[in-house]
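Written below as structure tokens is the structure these notes are about.
In UniProt numbering, the protein residues as written are 1 to 316.
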């Protein structure tokens, strides 16, 4: 990609060969990609580097076509045109201003009625993205499929309401989100706090553990059951994925959580959800600085393609 017109920022190309939505018309696009290079209040240890995720996921995506022989030989790019809108202009020193900027950016994206994929960034970005959806479509009710090891529903982190451990507490409070159709999926492990399961139950949200997924007799049918739970009494279903729902063996560029899903299990769930109808999605918590081979950043391309393959099936 020596032509600088093909670059989004410096040496960074648009994700998966998308048209450059910062310079080209996006009217012909079906799918809108954008990055949210944000790391807010960390909840344990030091800076993780997840604000580098959008850049590195874009760089890694240059290796991939849209062809998935295992999914009936579909070529995603024969059916969909992608545009990369670049990154939300975050303010590292100002959490609340950044939340407002993400919500405003997302609201404009949602108004296009195209299929958006947001690349994070920490999981705190999901709240303003969904807030933007409720502002763009105030007459719609929203269900959420939340794929994660952790609930991320703490009321606050040392007083900070918008930390990576709090977005679903904020979503419980958001008009437009139907808590009974918010499904915490893949939850497991002792990095959850004892109170978090109780917070979910008190809010009316549902919990599906990793063991329930793994022990299902038919993963595709179980994905359909999960989608039915999320789509009950709502107009739109949103998908939010934290990389750590994957076992660390499949996710070296994410938190060190064991007993997670395999890449096959996650990709299958995502395809099945998208084939039933999603309004959009995000993928968060990729830490390039601790992943010298960028395996987790490379995985983002396949994850997006499986979601888009499902979206094509749904829209046919």
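Ideal Cβ positions, reconstructed from N, Cα and C, are used throughout, including at glycine.
Leaving out five residues before and five after residue 2 in sequence, what residues of the same chain have Cβ atoms less than 8 angstroms from its Cβ? Numbered from 1 along the chain shown, position 2 holds the residue referred to as residue 2. In this prediction, residue 2 has a pLDDT of 37, which is less than 50 and means its spatial position is unreliable; what the coordinates show is noted afterwards. Nothing meets the Cβ criterion.
Kindly give me the distance between the Cβ atoms of residue 247 and residue 267, rounded to whole angstroms, as I take these residues to be in contact under 8 angstroms. Taking the chain shown and counting its residues from 1, the one referred to as residue 247 is at position 247. Taking the chain shown and counting its residues from 1, the one referred to as residue 267 is at position 267. Between residue 267 and residue 247 the Cβ distance is about 14 angstroms, and since that is not below 8 angstroms, they are no contact.
Can you tell me whether residue 44 is buried or exposed, with buried defined as 16 or more other CB within 10 angstroms of its CB? Counting from one through the chain shown, the residue named residue 44 turns up at place 44. Residue 44 comes out exposed.
Three-state class that DSSP yields for residue 108 in the structure shown: Along the chain shown, one-based indexing puts residue 108 at 108. Helix.
Check for me: the alpha helix (DSSP H) holding residue 60 runs from which residue to which? The count along the chain shown starts at 1 and reaches residue 60 at position 60. Segment 53-61, the alpha helix (DSSP H) holding residue 60.
Below-8 angstroms beta-carbon distance, residue 226 vs any chain B residue: Within the model displayed, chain B is absent; a lone protein chain is all it includes.
Coarse secondary structure for residue 188, derived from DSSP in three states: Within the chain shown, the letter at position 188 stands for residue 188. If DSSP states are grouped into helix, strand and coil, residue 188 belongs with coil.
Please determine if the region 138-150 and the region 13-28 are in contact, where contact requires at least 3 C-beta pairs separated by less than 8 angstroms. Between the region 138-150 and the region 13-28 there are fewer than three C-beta pairs closer than 8 angstroms, too few to call the two in contact.
Can you check which of these residues, 132, 172 and 307, is closest to residue 153 by C-alpha distance? Counting from 1 along the chain shown, the entry for residue 153 is found at position 153. Comparing Cα positions, the closest option is 172.
Let's test the definition: count the other Cβ atoms within 10 Å of the Cβ of residue 63 and tell me whether it reaches 16, buried, or not, exposed. The sequence position of residue 63 within the chain shown is 63, counting from 1. Classification of residue 63: exposed, given that the 10 Å Cβ count is below 16.
Got a sec, what are the start and stop residues for the alpha helix (DSSP H) residue 79 sits in? Your numbering for residue 79 matches position 79 in the chain shown. Start and end: 76-79.
How would you call residue 298, buried or exposed, if buried means at least 16 neighbouring beta carbons within 10 angstroms? Along the chain shown, read from residue 1 onward, the residue named residue 298 stands at position 298. Classification of residue 298: buried, given that the 10 Å Cβ count is 16 or more.
Nearest candidate by alpha-carbon position, reference residue 88, set 282, 231 and 36: On the chain shown, position 88 is the one that residue 88 refers to. The shortest CA-to-CA distance from residue 88 to any of 282, 231 and 36 is the one to 36.
Between the Cα of residue 182 and the Cα atoms of 208, 113, 213 and 163, which residue gives the shortest distance? Within the chain shown, the letter at position 182 stands for residue 182. Residue 208 is the option with its Cα nearest to residue 182.
Compute the distance between the beta-carbons of residue 19 and residue 112, then report whether it is under 8 angstroms. Locating residue 19 in the chain shown gives position 19, counting from the first residue. Locating residue 112 in the chain shown gives position 112, counting from the first residue. Taking 8 angstroms as the Cβ cut-off, residue 19 and residue 112 do not qualify as a contacting pair.
Out of 170, 272, 137 and 254, point me to the one whose CA is closest to residue 47's CA. Here residue 47 corresponds to residue number 47 of the chain shown, with the count starting at 1. Closest option to residue 47, Cα to Cα, is 254.
For residue 103, which option in 159, 137 and 77 has the closest C-alpha, if you only look at C-alpha atoms? In the chain shown, the residue the question calls residue 103 occupies position 103. Comparing Cα positions, the closest option is 137.
Note down, in chain order, each residue of its chain lying with its Cβ closer than 7 angstroms to the Cβ of residue 203, except the 5 sequence neighbours on either side. To locate residue 203, count along the chain shown from 1; it is residue 203. Excluding residues within five positions, the ones whose Cβ falls inside 7 angstroms are 172 and 179.
Helix, strand or coil: which one does DSSP assign to residue 272? In the chain shown, the residue the question calls residue 272 occupies position 272. It is helical.
For a test of the three-state rule: what should DSSP assign to residue 4, helix, strand or coil? Position 4 of the chain shown holds residue 4. Bear in mind that a pLDDT of 46 at residue 4, under 50, signals an unreliable position, so the model cannot answer this.
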